[in-house]
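K.L.:
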Amino acid sequence: MHEHSSSRRRRASIGTGTVALSLGLCLCAGQLIAASPAAAATTPIATPVAVAAAAPKVTPSMWSATSTRSLKWGSTLKVTAKVIDPSTNQVAKGTVRLQGYSNGAWRTWDTETVKSGTVSLTAKPTSTVWVRTVFTGSGYNQKVTSKVKVTVKASGAKVLAEAKKHKGALYKYGASGPKRFDCSGYTKYVYKKATGKSLPHKANSQQKYGKAVAKSKKQVGDLIIFRNGSYGYHAGIYAGNGYIYDSPHTGARVGKHKIWSNSYVVRRLVA
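With mature numbering (1 follows the signal peptide of the UniProt record, and there is no 0) applied, the sequence shown covers -40 to -1, 1 to 231.
#1: Sort N101, V119 and I44 by Cα distance to P16 and report the nearest one.
#2: Report the residue ranges of all beta strand (DSSP E) runs contained in full by the stretch 121 to 203; include only those spanning at least 3 residues, in chain order.
#3: Checking 8 Å against the spacing of the C-beta atoms, do S144 and Q179 come in under that value?
#4: According to the neighbour-count rule (16 or more other Cβ atoms, all chains shown, within 10 Å of its Cβ), is R29 buried or exposed?
#5: Where does the unbroken beta strand (DSSP E) through K38 begin, and where does it stop?
#6: Just curious, the beta strand (DSSP E) that S80 is in, first and last residue?
#7: Kindly indicate the opening and closing residues of the beta strand (DSSP E) around Y224.
#8: For the candidate residues G60, S62 and V94, whose alpha-carbon lies nearest to that of T73?
#9: Between which two residues does the beta strand (DSSP E) harbouring K32 extend?
#10: So, with DSSP's three-state summary, where would you put A52?
#11: Assign W33 to one of two classes, buried (16 or more other C-beta atoms within 10 Å of its C-beta) or exposed (fewer than that).
#12: I need the straight-line Cα distance from A231 to S115, nearest angstrom please.
#13: With burial defined as no fewer than 16 other Cβ atoms inside 10 Å of the residue's Cβ, what is the status of A14: buried or exposed?
#14: According to DSSP, is A117 part of a helix, a strand, or is it coil?
#15: Hey, K218 and G202 are a contact pair by Cβ (cut 8 Å); roughly how many whole angstroms apart?
#16: What does the alpha-carbon distance come out to for the pair Y61 and G189?
#17: Using the Cα positions of D142 and R228, report the straight-line distance between them to the nearest angstrom.
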């Protein structure tokens, strides 16, 4: 009986220790479990940031007009343009460029800022060319007008400009450029370069080309043929104010010289 009672007490003691150990582990586990939320509370949490969508660009309405489709060389081409914001029906503010197509690329000739109403742009094309206008502005898509062909016609001013290029070239009988000239060789070369028109290499024959013009009506770029009787013996290009550009004689050079005789005729090869 005594032994049985002692055995029961030992089992109870062992059981109590086991329970205590179990409780201790549970507490430790509880501490670990409790630490986890505390640690998580110190970890920053990323908050999603809303990104504002960019406002869509507006495609403006644009029109332009050229002052002419046919222009004399040396004259000014004028182009007017207007740009409207279709969302407000007001003038779209930005920049308009006038461009011409040459040598395989569009090149800007003039630029104007659009503030109100229309803008005017100008250029002096030297040959037949395609032109267009281009608009750019903040908040707008680029707008390009349809290209327009502008024909540049030869003029007396163009003939004279070509004549001046060869000032100083030495006279040589029978020569027609590009470095040396006789009188009719010089006029032949200049007219071909400036207008594309071909003249014979003889002053007497050149007086039959173009149309006859009275001396009092002569203009820059007209062909002047000096004559002995009806025979044309010397040719030059009228430079205005009683002067011509010509290649005078052996030992002389191309230059601007005073008309020395009244025995000459005037022929007009360009309008």
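Ideal placement from N, C-alpha and C gives every residue a C-beta, glycine not left out. On a predicted model such as this, the values are computed, not experimentally measured, just so you know.
P.N.:
Checking against the coordinates, here is how it stands:
#1: N101
#2: 171 to 173, 183 to 188 and 191 to 200
#3: Between S144 and Q179, the C-beta spacing is not below 8 Å.
#4: exposed
#5: Segment L37 to D45, the beta strand (DSSP E) holding K38.
#6: In this chain, the beta strand (DSSP E) harbouring S80 covers V79 to A83.
#7: Y224 to R228
#8: When only C-alpha atoms are compared, the closest one is V94.
#9: S30 to K32 is the extent of the beta strand (DSSP E) around K32.
#10: The three-state secondary structure of A52, taken from DSSP, is coil.
#11: With 16 or more Cβ atoms within 10 Å of its Cβ, W33 is classed as buried.
#12: 6 Å
#13: exposed
#14: Assignment of A117 by DSSP, reduced to helix, strand and coil, places it in the helix class.
#15: 6 Å
#16: 50 Å
#17: 21 Å
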